[in-house]
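Residue numbers (my numbering): 228 to 868.
Note that CB positions come from ideal geometry on N, CA and C, so glycine has one too.
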């Protein structure tokens, strides 16, 4: 718990810092600048990549703008519009993290760094950016006895990666920001372990820094300023290591080299890095001169440090608590112990309080923001999931409707086609039956006429008459002539009778042949060769024993069976056999269609079966019908006489 006086002092310091910060960054790019590039992009006068670059330039001048996240809304929309802009998605979270740090919302900063790392992991190969551990070390304090265990845990957790980074850099490209973060962490770790007089760990981390710098120097670098940042960090690492090892001159050489770079006018060093690093350098130089008891030099550099506070554009990068602590050290070296004590207490009180507040902010603000954003993301993900599911369901329903419509349309086409084929089948069957009846009538008429004209009868009568007259004739010569005439008449009668029989049997054979052809014509019309495998075998000899009316009924049964296959069975194989067995003519039909219930009577198919059974009864025969999912078989048996 802090005393009331300490709390008032802390509040006063924070208010003073905030007011100075507001003055320090008196302005940031106006909203009109953001709106101008947004409108150009909206009007397609500016490409996505150009907009992203312009927005980045405005962002780098707006890290303290409280409305920065709102200004980046269009940037975010574009960055997430295409996989090609993955790097811009990483930058988006980097912008928010820098903004959070600039306004001292360290919890938010850590959270956005984590989001940034998640985006980086989507790139292959992925190399840890080290953003989060670097930021945590900054928050937990970079010197003194603050949060040692937490800081050591962070450093130890990334040490394996830091030691492996030079080898990764030797194999391929590594983001320069990752190298800068690595040097910053190594600088922090070396200082921490040196303060604990742990030479082994200090040398281990310093060695990792030297190996990384060795690889960096061998690589072409586009941004010289970032390379200088790494070099400055290395100089501080070497100076700290030399101090631990008692190499005073070496320590001084590295500090002077680093300070020389800082005070130079090298434009390659980014101001955003140069200003805070100058504070770090000055604090190291002051410590060096105090240890060497060079009080005037220490006071001189302390004056330079304090002068930085009066510059508005540098206040945000300097720590007032450090000024108080170093003022206390210089006063103590001069013998002003009372003033030194007061300044030291103020410095430590403020420093401890700020670090405590920043650490608490990590656990409070970060957690609250994390929960809030995760809930929003979960809700958004659920909404997207529901929308996708609804779209999927809608698509499936539409496809089902289309499928059903197409199926019904195909069914209608097949139905119409089946009706047309059935109609043609009926017409063909009727024609075949008419021809069969006509042929039978002509055969009957021909033989009837032959018998009616009694050619043979007259010849018999003539023979009898001649023989009677011959017996009464007394003249022998006349009787001989009449005998010869009688003989000739008998021969004519025999020839006529023989010819009549010959015509009869020829007509019968022709009829048998025509019946087989008619059966094949009926089947071929309904079941074309292109869609069906057929086997038709007819025993012509057995047809001699059945009359024309029986054949007509057989044709009608075949027609009905084939029509059922066409309309209902959806078969692909068809068999038809007509043969004689044990005094009966057998007709056997089979298909491999879907099958049906032979007992059904409530459908058109049922009426067809009833018709087949009725015709079989009229012929004095019997019919058996069996059906299953493998097909249907019809077995018709008709007496042959």
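Review point. Quick one: Cα of residue 451 to Cα of residue 444, how far?
Key: The residue labelled residue 451 in the question sits at position 224 within the chain shown. The residue labelled residue 444 in the question sits at position 217 within the chain shown. Approximately 11 Å, taken between the alpha carbons.
**Study point:** Given 8 Å, three or more beta-carbon pairs between the segment 331 to 341 and the segment 302 to 318
**Key:** By the Cβ test, the segment 331 to 341 is not in contact with the segment 302 to 318, since fewer than three Cβ pairs between them sit closer than 8 Å.
Check your understanding: Apart from the five residues just before and just after residue 488, which ones in its own chain have a Cβ nearer than 7 Å to its Cβ?
Key -> If you number the chain shown from 1, residue 488 lands on position 261. So the qualifying residues of the chain are 455, 459.
Point to revise | Closest Cα partner of residue 441 within the set 379, 636, 410, 482 | key: If you number the chain shown from 1, residue 441 lands on position 214. It is 410.
Check your understanding: With 16 other CB atoms within 10 Å as the buried threshold, where does residue 621 fall?
Key -> The sequence position of residue 621 within the chain shown is 394, counting from 1. Around the C-beta of residue 621, fewer than 16 other C-beta atoms lie within 10 Å, and the residue is accordingly described as exposed.
Check your understanding: Can you list the alpha helix (DSSP H) stretches of 4 or more residues lying completely in the segment 774 to 816, in chain order?
Key -> Runs of the alpha helix (DSSP H) inside the segment 774 to 816: 775 to 791.
Review point. If you draw a straight line from the C-alpha of residue 346 to the C-alpha of residue 856, how long is it?
Key: Counted from its first residue, the chain shown places residue 346 at position 119. Counted from its first residue, the chain shown places residue 856 at position 629. The straight-line gap from Cα to Cα measures roughly 59 Å.
Exercise for review: Out of 308, 694, 399, 375, point me to the one whose CA is closest to residue 352's CA.
Suggested key: Along the chain shown, one-based indexing puts residue 352 at 125. Shortest Cα-Cα distance from residue 352 to any of 308, 694, 399, 375 involves 399.
Exercise for review: Take residue 296 and list the residues in its own chain whose beta-carbon comes closer than 8 Å to its own, dropping the five residues that flank it on each side.
Suggested key: Locating residue 296 in the chain shown gives position 69, where the first residue counts as 1. Within its own chain, the residues whose Cβ lies closer than 8 Å to the Cβ of residue 296, once the five positions on either side in sequence are excluded, are 323, 326, listed in chain order.
Practice item. Tell me whether residue 449 sits in a helix, a strand or coil according to DSSP, three-state version. Key: One-based indexing of the chain shown puts residue 449 at position 222. Residue state, collapsed to three classes: coil.
**Study point:** Beta-carbon separation (whole angstroms), residue 360 vs residue 412, contact threshold 8 Å
**Key:** Taking the first residue of the chain shown as 1, we reach residue 360 at position 133. Taking the first residue of the chain shown as 1, we reach residue 412 at position 185. Confirmed, Cβ separation roughly 6 Å.
Point to revise | Supposed contact pair residue 439 and residue 471 - C-beta distance, whole angstroms, cut 8 Å | key: Residue numbering aside, residue 471 sits at position 244 when the chain shown is read from its first letter. Residue numbering aside, residue 439 sits at position 212 when the chain shown is read from its first letter. Contact between residue 471 and residue 439 is absent: CB atoms are separated by about 20 Å, not below the 8 Å threshold.
Review point. Within 10 angstroms of its Cβ, does residue 715 collect 16 or more other Cβ (buried), or is it exposed?
Key: Locating residue 715 in the chain shown gives position 488, counting from the first residue. Taking all protein chains in view, the Cβ of residue 715 is surrounded by fewer than 16 other Cβ atoms within 10 Å, so the residue is classified as exposed.
Exercise for review: Pull up the CB-CB distance for residue 750 and residue 836, whole angstroms please, since I reckon it's below 8 Å.
Suggested key: Along the chain shown, read from residue 1 onward, the residue named residue 750 stands at position 523. Along the chain shown, read from residue 1 onward, the residue named residue 836 stands at position 609. In fact, because the Cβ distance is near 19 Å, the residues do not count as touching under 8 Å.
Review point. Which partner residues does residue 864 have in the DSSP bridge list?
Key: As a working mapping, residue 864 is identified with position 637 in the chain shown. Per DSSP, 813, 849.
**Study point:** Helix, strand or coil at residue 763 according to DSSP, with G and I counted as helix
**Key:** As a working mapping, residue 763 is identified with position 536 in the chain shown. DSSP, read as helix, strand or coil, puts residue 763 in strand.
Practice item. Mark residue 342 as exposed unless 16 or more other C-beta atoms lie within 10 angstroms of its C-beta, in which case mark it buried. Key: Residue 342 sits at position 115 when you count from the first residue of the chain shown. Residue 342 is buried by the Cβ-count criterion.
Check your understanding: Which one or two residues does DSSP pair with residue 858 in a beta bridge?
Key -> Looking up residue 858 in the chain shown gives position 631. According to DSSP, residue 858 bridges with 855.
Point to revise | Residue from 746, 759, 422 with nearest C-alpha to residue 767 | key: For the purposes of this step, residue 767 is taken as the residue at position 540 of the chain shown. Of 746, 759, 422, the residue nearest in Cα terms is 746.
Practice item. Note down, in chain order, each residue of its chain lying with its Cβ closer than 7 Å to the Cβ of residue 820, except the 5 sequence neighbours on either side. Key: In the chain shown, counting from the first residue as 1, residue 820 sits at position 593. 792, 796, 797, 798, 858, 859, listed in sequence order.
Review point. If you draw a straight line from the alpha carbon of residue 848 to that of residue 863, how long is it in whole angstroms?
Key: Looking up residue 848 in the chain shown gives position 621. Looking up residue 863 in the chain shown gives position 636. For residue 848 and residue 863, the gap between their C-alpha atoms comes out near 7 Å.
Exercise for review: Using three-state DSSP, classify residue 768 as helix, strand or coil.
Suggested key: Stepping through the chain shown from its first residue, residue 768 is reached at position 541. DSSP places residue 768 in helix when its eight states are reduced to three.
Exercise for review: If I'm right that residue 463 touches residue 485 with Cβ under 8 Å, what's the distance once you round it to whole angstroms?
Suggested key: The residue labelled residue 463 in the question sits at position 236 within the chain shown. The residue labelled residue 485 in the question sits at position 258 within the chain shown. In this structure residue 463 is in contact with residue 485, their Cβ atoms being roughly 6 Å apart against a cut-off of 8 Å.
**Study point:** Sequence-distant residues of the same chain with beta carbon closer than 8 Å to residue 430, five excluded per side
**Key:** Along the chain shown, read from residue 1 onward, the residue named residue 430 stands at position 203. Closer than 8 Å at Cβ, skipping near neighbours: 468.
Exercise for review: Within its chain, find whatever has a CB closer than 7 Å to the CB of residue 381; leave out the 5 residues flanking it on each side and keep chain order.
Suggested key: The residue labelled residue 381 in the question sits at position 154 within the chain shown. Excluding sequence neighbours, residue 381 sits near 360, 363, 364.
**Study point:** Residues that residue 818 bridges to, as DSSP identifies them
**Key:** Numbered from 1 along the chain shown, position 591 holds the residue referred to as residue 818. Secondary-structure assignment with DSSP links residue 818 through a beta bridge to 801, 859.
Check your understanding: Around the C-beta of residue 693, are 16 or more other C-beta atoms found within 10 angstroms, so that it is buried, or is it exposed?
Key -> The sequence position of residue 693 within the chain shown is 466, counting from 1. Looking at its Cβ environment, which holds 16 or more other Cβ atoms inside 10 Å, residue 693 is buried.
Point to revise | Exposed unless 16 or more other CB atoms sit within 10 angstroms - verdict on residue 634 | key: To locate residue 634, count along the chain shown from 1; it is residue 407. Within 10 angstroms of the beta-carbon of residue 634 lie fewer than 16 other beta-carbons, which makes it exposed.
Review point. Apart from the five residues just before and just after residue 531, which ones in its own chain have a Cβ nearer than 8 Å to its Cβ?
Key: By 1-based counting over the chain shown, the position of residue 531 is 304. Close CB contacts of residue 531 within its chain, under the 8 Å cut and outside five residues either way in sequence, are with 509 (chain order).
Check your understanding: Quick one: is residue 956 buried, meaning 16 or more other Cβ sit within 10 Å of its Cβ, or exposed?
Key -> Coverage of the chain is limited to positions 228 through 868, which leaves residue 956 absent and any answer about it impossible.
Review point. Roughly how many angstroms separate the alpha carbons of residue 701 and residue 778, rounded to a whole number?
Key: To locate residue 701, count along the chain shown from 1; it is residue 474. To locate residue 778, count along the chain shown from 1; it is residue 551. Near 60 Å, if we compare the C-alpha coordinates of residue 778 and residue 701.
Exercise for review: Rounded to whole angstroms, what's the CA-CA distance from residue 386 to residue 271? Just pull it up for me.
Suggested key: Counted from its first residue, the chain shown places residue 386 at position 159. Counted from its first residue, the chain shown places residue 271 at position 44. Straight across, the Cα-Cα distance linking residue 386 with residue 271 is about 48 Å.
Exercise for review: Find out if the Cβ-Cβ distance for the pair residue 788, residue 861 is shorter than 8 Å.
Suggested key: Position 561 of the chain shown, counted from the first residue, corresponds to residue 788. Position 634 of the chain shown, counted from the first residue, corresponds to residue 861. Closer than 8 Å, so yes.
Review point. With DSSP run on the structure shown, which of helix, strand or coil describes residue 424?
Key: Along the chain shown, one-based indexing puts residue 424 at 197. Correct three-state label for residue 424: coil.
Review point. Would residue 289 pass as a contact of residue 298 if the rule is Cβ separation under 8 Å?
Key: Your numbering for residue 289 matches position 62 in the chain shown. Your numbering for residue 298 matches position 71 in the chain shown. Closer than 8 Å, so yes.
Exercise for review: Below 6 Å CB to CB, which residues in the same chain sit around residue 478 once its five sequence neighbours on both sides are set aside?
Suggested key: Here the question's residue 478 lines up with position 251 in the chain shown. For residue 478, where only same-chain residues beyond five positions count, the Cβ hits under 6 Å are 466, 469, 470.
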